[in-house]
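Participant:
There are 2 protein chains.
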Amino acid sequence: MTQSNETTSYRDIKETVLARIRSGQWQPDSLLPNEQELAVEFSCTRTTVNRALRELADEGFLERRRKAGTRVLSAPQRQARFTIPMVRDEVEALGGTYRYALVSSATKRAPDWLCARLALKPDQDVMHVRCMHFNGNTPFQYENRWIVVDSVPQVVNADFASIGPNEWLIQTVPFTNVELSFLASRADESMAAFLDLPIGEPVFTGERITWLEGQPVTFAKMYFAAGYRMTTQY
Amino acid sequence: MTQSNETTSYRDIKETVLARIRSGQWQPDSLLPNEQELAVEFSCTRTTVNRALRELADEGFLERRRKAGTRVLSAPQRQARFTIPMVRDEVEALGGTYRYALVSSATKRAPDWLCARLALKPDQDVMHVRCMHFNGNTPFQYENRWIVVDSVPQVVNADFASIGPNEWLIQTVPFTNVELSFLASRADESMAAFLDLPIGEPVFTGERITWLEGQPVTFAKMYFAAGYRMTTQY
DNA sequence: AAAAGTTTAAAGTCTACACAAAATGGAAAC
DNA sequence: GTTTCCATTTTGTGTAGACTTTAAACTTTT
Numbered sequence: 001m002t003q004s005n006e007t008t009s010y011r012d013i014k015e016t017v018l019a020r021i022r023s024g025q026w027q028p029d030s031l032l033p034n035e036q037e038l039a040v041e042f043s044c045t046r047t048t049v050n051r052a053l054r055e056l057a058d059e060g061f062l063e064r065r066r067k068a069g070t071r072v073l074s075a076p077q078r079q080a081r082f083t084i085p086m087v088r089d090e091v092e093a094l095g096g097t098y099r100y101a102l103v104s105s106a107t108k109r110a111p112d113w114l115c116a117r118l119a120l121k122p123d124q125d126v127m128h129v130r131c132m133h134f135n136g137n138t139p140f141q142y143e144n145r146w147i148v149v150d151s152v153p154q155v156v157n158a159d160f161a162s163i164g165p166n167e168w169l170i171q172t173v174p175f176t177n178v179e180l181s182f183l184a185s186r187a188d189e190s191m192a193a194f195l196d197l198p199i200g201e202p203v204f205t206g207e208r209i210t211w212l213e214g215q216p217v218t219f220a221k222m223y224f225a226a227g228y229r230m231t232t233q234y
Numbered sequence: 235m236t237q238s239n240e241t242t243s244y245r246d247i248k249e250t251v252l253a254r255i256r257s258g259q260w261q262p263d264s265l266l267p268n269e270q271e272l273a274v275e276f277s278c279t280r281t282t283v284n285r286a287l288r289e290l291a292d293e294g295f296l297e298r299r300r301k302a303g304t305r306v307l308s309a310p311q312r313q314a315r316f317t318i319p320m321v322r323d324e325v326e327a328l329g330g331t332y333r334y335a336l337v338s339s340a341t342k343r344a345p346d347w348l349c350a351r352l353a354l355k356p357d358q359d360v361m362h363v364r365c366m367h368f369n370g371n372t373p374f375q376y377e378n379r380w381i382v383v384d385s386v387p388q389v390v391n392a393d394f395a396s397i398g399p400n401e402w403l404i405q406t407v408p409f410t411n412v413e414l415s416f417l418a419s420r421a422d423e424s425m426a427a428f429l430d431l432p433i434g435e436p437v438f439t440g441e442r443i444t445w446l447e448g449q450p451v452t453f454a455k456m457y458f459a460a461g462y463r464m465t466t467q468y
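So the sequence lines, in the order shown, correspond to chains A and B.
Counting from 1, one number per residue, gives the positions in the first sequence under the numbering used here.
Counting from 235, one number per residue, gives the positions in the second sequence under the numbering used here.
#1: Just the Cα atoms here: how many angstroms apart are Leu348 (chain B) and Arg364 (chain B)?
#2: Quick check: what's the CA-CA separation for Met361 (chain B) versus Leu336 (chain B)?
#3: Start and end of the alpha helix (DSSP H) containing Trp260 (chain B)?
#4: Go through its chain and collect everything with a Cβ distance to Thr341 (chain B)'s Cβ below 6 Å, but skip five positions before and after it.
#5: Should Met222 (chain A) and Gln141 (chain A) be called a contact, given that it needs their Cβ atoms to be closer than 9 Å?
#6: For Gln375 (chain B), decide whether its Cβ has a neighbour in chain A, counting only Cβ atoms nearer than 9 Å.
#7: Verify the CB distance criterion: does Gly452 (chain B) have a CB-CB separation below 9 Å to chain A?
#8: Please confirm whether Glu35 (chain A) has its beta-carbon closer than 9 Å to some beta-carbon of chain B.
#9: Taking the alpha carbon of Ile381 (chain B) as the point to measure from, which residue in B:Phe453, B:Leu287, B:Phe368, B:Asp263 has its own alpha carbon closest?
#10: May I ask you to verify whether the segment 426-439 of chain B touches the segment 389-406 of chain B, counting CB pairs closer than 8 Å and requiring at least 3?
#11: For Val155 (chain A), count neighbouring C-beta atoms within 10 Å of its own C-beta (all shown protein chains included) and say buried if the count is 16 or more, exposed if not.
#12: Which class does Ile381 (chain B) belong to by DSSP, given the choice of helix, strand or coil?
#13: Quick check: is the beta carbon of Asn177 (chain A) nearer than 9 Å to any beta carbon in chain B?
#14: Using a Cβ cut-off of 9 Å (strictly closer), state whether Glu326 (chain B) contacts chain A.
#15: Taking only beta-carbon positions, decide if Phe438 (chain B) is within less than 9 Å of chain A.
#16: What residues of chain B sit near Met230 (chain A), judged by a beta carbon separation below 8 Å?
#17: Glu297 (chain B) by DSSP, collapsed to three states: which one?
#18: For Val274 (chain B), is the classification buried or exposed, using 16 other Cβ atoms within 10 angstroms of its Cβ as the cut-off for buried?
#19: Measure the alpha-carbon distance for Gln237 (chain B) versus Arg333 (chain B) and round it to whole angstroms.
#20: Compute the distance between the beta-carbons of Asp29 (chain A) and Val72 (chain A), then report whether it is under 9 Å.
#21: Please determine, among A:Leu32, A:Asp89, A:Ala116, the residue with the shortest C-alpha to C-alpha distance to Asn166 (chain A).
#22: How would you call Glu37 (chain A), buried or exposed, if buried means at least 16 neighbouring beta carbons within 10 angstroms?
#23: Which parts of the segment 121-181 of chain A are runs of the beta strand (DSSP E), unbroken and 3 residues or longer, counting only runs that do not cross its ends?
#24: If distances are taken between C-alpha atoms only, which option among A:Arg229, A:Val178, A:Phe134, A:Phe182 comes closest to Tyr468 (chain B)?
#25: Measure the beta-carbon distance from Leu414 (chain B) to Ala421 (chain B) and round it to whole angstroms, keeping in mind my assumption that it falls under 8 Å.
#26: Hey, how far is the Cα of Thr465 (chain B) from the Cα of Thr317 (chain B)?
#27: Closest Cβ-Cβ distance between Pro28 (chain A) and chain B: below 9 Å?
#28: Measure the CB-CB distance between Glu441 (chain B) and Arg81 (chain A) and report whether it falls below 9 Å.
#29: Please tell me whether Glu35 (chain A) and Thr70 (chain A) are closer than 9 Å, where the distance is taken between their beta carbons.
#30: Using a Cβ-Cβ cutoff of less than 7 Å, which residues in the same chain neighbour Ala392 (chain B) once the five nearest sequence positions on both sides are dropped?
#31: List the endpoints of the continuous beta strand (DSSP E) containing Met222 (chain A).
#32: Thinking just about the alpha-carbon of each residue, which of B:His367, B:Ser385, B:Leu446 is nearest to the one in Glu377 (chain B)?
#33: What does Arg20 (chain A) reach in chain B if we use C-beta pairs closer than 8 Å?
#34: Provide the residue span of the beta strand (DSSP E) that contains Ser277 (chain B), from first to last.
#35: For Ala418 (chain B), which residues of its own chain have a beta-carbon under 6 Å away from its beta-carbon, when the five flanking residues on both sides are left out?
#36: Residues of chain B with CB under 7 Å from Gly200 (chain A), in chain order?
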């Protein structure tokens with residue numbers, strides 16, 4: 001058959017299903033009709049119903065199990081998607097002018113805590129890069145990063161005076177796995193100086209560990225200026 | 235035709251495409267072969283290629299435009315998905331015993347800042363609920379919440395001594411729009427007392443605004459105990 | 001009962017094909 | 001040269017049908 005204007009699309013089905021959940025017609029934990037039945041109800045094929053339900057399950061509204069069927073999740077595991085932009089993009093999205101400055105860069109033996117964190121051998125070298133990201137002349141983010149030399153040998157030739165380590169890494173090394181955390185930390189002396197705030201102030205902090213095929217590549221701490229908030233809508 | 239063991243699945247295609255991007259065979263910004271060509275290469279139908287590429291685009295690796303084709307995103311807008319669990323689940327996932335305690339609950343005229351924040355009329359009533367979430371006897375989260383009475387009239391009969399306002403709301407107001415922020419704040423006197431930490435300590439803080447069909451429902455501030463971090467892997 | 005094996009219902013995925021919608025790039029009109 | 005319009009390409013989505021995989025539910029054996 002052909003796809004006409006009156007066709008029920010997978011979008012319509014998603015909408016209808018959500019509406020029924022919202023209205024309470026389909027209670028949490030209850031079982032939905034199976035795909036075949038819904039296909040009949042919506043007069044479309046099972047394929048179309050499948051796509052709608054699959055996407056709703058991806059989005060955290062439904063739980064699907066073969067043979068068991070599809071049920072409404074009681075505590076919708078609604079997952080917030082935070083887009084993690086590069087600092088440059090974030091600043092420019094705010095309408096500001098991005099400016100980058102290298103603070104220090106040095107290769108040395110990996111400190112113990114980093115070995116533990118990244119499962120490095122105690123004799124492995126890391127390049128330690130500290131840098132600042134500005135919005136115009138206002139500090140935006142202070143970055144403290146370690147790059148595993150064995151995993152990215154080219155790093156010894158990188159010029160972090162002109163390009164930020166994150167941008168350089170993205171261009172240079174593909175990565176496969178990322179662990180990203182956010183927390184609140186106290187401003188120590190250097191953070192306070194770089195971000196222009198009193199020692200002890202709360203600082204919104206991100207930590208990112210990146211691996212390539214199981215090899216640890218880099219560990220970064222990102223300290224955000226006062227007032228920063230990470231926001232998402234869903 | 236039939237689906238045999240040697241069939242190329244959309245998963246295989248996703249893997250292969252990712253590998254080619256990672257290896258640099260398909261450079262950032264470059265155009266991929268079109269779906270038909272890839273279907274021939276992988277000896278499967280265009281439908282299967284379409285699903286693989288569509289998902290990769292959803293995941294932020296590719297950009298697809300009709301007629302223009304599919305290209306590799308230069309700065310992969312990889313979005314971190316944080317699952318925002320209910321406090322009870324979070325504590326129990328840590329192997330702890332969840333305990334809830336109501337601190338205070340009162341209905342009053344919405345304060346000015348809240349009217350501004352939620353676009354309320356100045357004479358609207360809100361129920362202000364403060365409560366604690368414990369892991370065993372350790373403070374886990376201090377919650378400060380306002381619920382718009384006009385949007386959820388039943389709230390006046392809710393018994394927040396026995397059930398947390400969040401769990402109550404999820405049961406009562408099934409589905410909503412959410413704006414969620416995270417930031418670092420300073421512990422004031424009451425936060426410090428409830429979370430058992432010194433005044434001025436950094437506190438990882440979540441703020442959530444919830445709407446139902448455009449109507450503001452609730453505003454919540456969630457203050458996490460010392461050491462809390464929100465983590466995701468991808 | 002408890003464990004092991006079997007049936008079977010439901011989702012998962014693929015094929016093959018068709019038409020729809022968007023947007024690019026070029027042709028035509030100005 | 002610039003704008004408008006149109007043909008064409010590429011992705012988007014639907015139909016119809018079949019086979020596959022999982023795991024719940026049932027049956028048999030111990």
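Think of the CB as a built atom: it goes at the ideal place given N, C-alpha and C, for glycine as much as any other residue.
Facilitator: Taking the coordinates as given:
#1: Locating residue 348 (chain B) in the second sequence gives position 114, where the first residue counts as 1. Locating residue 364 (chain B) in the second sequence gives position 130, where the first residue counts as 1. Approximately 15 Å between the Cα atoms of the pair.
#2: Within the second sequence, numbered from 1, the residue matching residue 361 (chain B) stands at position 127. Within the second sequence, numbered from 1, the residue matching residue 336 (chain B) stands at position 102. Going from the Cα of Met361 (chain B) to the Cα of Leu336 (chain B) covers about 13 Å.
#3: Residue 260 (chain B) sits at position 26 when you count from the first residue of the second sequence. Taken as a continuous stretch (DSSP letters only), Trp260 (chain B) belongs to no alpha helix (DSSP H), as it is neither H nor E.
#4: Within the second sequence, residue 341 (chain B) is the residue found at index 107, counting from 1. The residues are Asp359, Met361.
#5: As a working note, residue 222 (chain A) is residue 222 in the first sequence. As a working note, residue 141 (chain A) is residue 141 in the first sequence. One thing to note: Met222 (chain A) has its Cβ within 9 Å of the Cβ of Gln141 (chain A).
#6: Against the second sequence, residue 375 (chain B) aligns to sequence position 141. Gln375 (chain B) does not count as touching chain A.
#7: For the purposes of this step, residue 452 (chain B) is taken as residue 218 along the second sequence, with counting starting at 1. Note on residue identity: the sequence assigns Thr, not Gly, to residue 452 (chain B). Not closer than 9 Å to any Cβ of chain A, the Cβ of Thr452 (chain B) fails to qualify, so no.
#8: Here residue 35 (chain A) corresponds to residue number 35 of the first sequence, with the count starting at 1. No, because no Cβ of chain B sits closer than 9 Å to the Cβ of Glu35 (chain A).
#9: Taking the first residue of the second sequence as position 1, residue 381 (chain B) is located at position 147. Residue B:Phe453 is the option with its Cα nearest to Ile381 (chain B).
#10: Per the Cβ contact rule, the segment 426-439 of chain B is not in contact with the segment 389-406 of chain B (fewer than 3 Cβ pairs under 8 Å).
#11: The count along the first sequence starts at 1 and reaches residue 155 (chain A) at position 155. Result: buried.
#12: The count along the second sequence starts at 1 and reaches residue 381 (chain B) at position 147. Three-state DSSP puts Ile381 (chain B) in a strand.
#13: Here residue 177 (chain A) refers to the residue found at position 177 of the first sequence. Taking Cβ atoms only, chain B reaches closer than 9 Å to Asn177 (chain A), which makes this a yes.
#14: Residue 326 (chain B) sits at position 92 when you count from the first residue of the second sequence. No, its Cβ sits nowhere closer than 9 Å to a Cβ of chain A.
#15: Stepping through the second sequence from its first residue, residue 438 (chain B) is reached at position 204. Cβ-Cβ to chain A under 9 Å: yes for Phe438 (chain B).
#16: Working through the first sequence from its first residue, we reach residue 230 (chain A) at position 230. Correct list: Ser415, Phe416, Leu417.
#17: On the second sequence, residue 297 (chain B) is found 63 positions in, with the first residue counted as 1. Strand, per DSSP.
#18: Here residue 274 (chain B) refers to the residue found at position 40 when the second sequence is read from its first residue. Its Cβ having fewer than 16 others within 10 Å, Val274 (chain B) is exposed.
#19: The residue given as residue 237 (chain B) occupies position 3 in the second sequence. The residue given as residue 333 (chain B) occupies position 99 in the second sequence. Legend: pLDDT at Gln237 (chain B) = 38, less than 50; position of this residue unreliable, value from coordinates given subsequently. Distance between the alpha carbons of Gln237 (chain B) and Arg333 (chain B): 52 Å.
#20: As a position in the first sequence, residue 29 (chain A) is number 29, starting the count at 1. As a position in the first sequence, residue 72 (chain A) is number 72, starting the count at 1. Their beta carbons are under 9 Å apart, which means Asp29 (chain A) touches Val72 (chain A) by this criterion.
#21: Against the first sequence, residue 166 (chain A) aligns to sequence position 166. Closest by alpha carbon: A:Asp89.
#22: Taking the first residue of the first sequence as 1, we reach residue 37 (chain A) at position 37. That one is exposed.
#23: With a minimum length of 3 residues, the continuous beta strand (DSSP E) runs that stay inside the segment 121-181 of chain A are 125-135, 138-148.
#24: Taking the first residue of the second sequence as 1, we reach residue 468 (chain B) at position 234. When each option's Cα is compared against that of Tyr468 (chain B), the closest is A:Val178.
#25: If you number the second sequence from 1, residue 414 (chain B) lands on position 180. If you number the second sequence from 1, residue 421 (chain B) lands on position 187. With a Cβ gap of about 21 Å, Leu414 (chain B) and Ala421 (chain B) do not count as contacting.
#26: Indexing the second sequence from 1 puts residue 465 (chain B) at position 231. Indexing the second sequence from 1 puts residue 317 (chain B) at position 83. If you take the alpha carbons of Thr465 (chain B) and Thr317 (chain B), they lie about 9 Å apart.
#27: Here residue 28 (chain A) refers to the residue found at position 28 of the first sequence. Yes, contact with chain B.
#28: Along the second sequence, one-based indexing puts residue 441 (chain B) at 207. Along the first sequence, one-based indexing puts residue 81 (chain A) at 81. For Glu441 (chain B) and Arg81 (chain A), no; Cβs fall outside 9 Å.
#29: In the first sequence, residue 35 (chain A) corresponds to position 35, counting from 1. In the first sequence, residue 70 (chain A) corresponds to position 70, counting from 1. In contact: Glu35 (chain A) and Thr70 (chain A) (Cβ atoms closer than 9 Å).
#30: The residue labelled residue 392 (chain B) in the question sits at position 158 within the second sequence. Contacts found: Trp402.
#31: The count along the first sequence starts at 1 and reaches residue 222 (chain A) at position 222. Residues 215-224.
#32: Counted from its first residue, the second sequence places residue 377 (chain B) at position 143. Per the Cα distances, B:His367.
#33: Residue mapping note: residue 20 (chain A) aligns to position 20 of the first sequence, counting from 1. None at all; the shortest Cβ gap to chain B is about 10 Å.
#34: Looking up residue 277 (chain B) in the second sequence gives position 43. Segment: none, Ser277 (chain B) is in no beta strand (DSSP E) and carries neither H nor E.
#35: The residue given as residue 418 (chain B) occupies position 184 in the second sequence. Counting only Cβ-Cβ distances below 6 Å, and skipping sequence neighbours, we find Pro436.
#36: One-based indexing of the first sequence puts residue 200 (chain A) at position 200. Correct list: Gly434.
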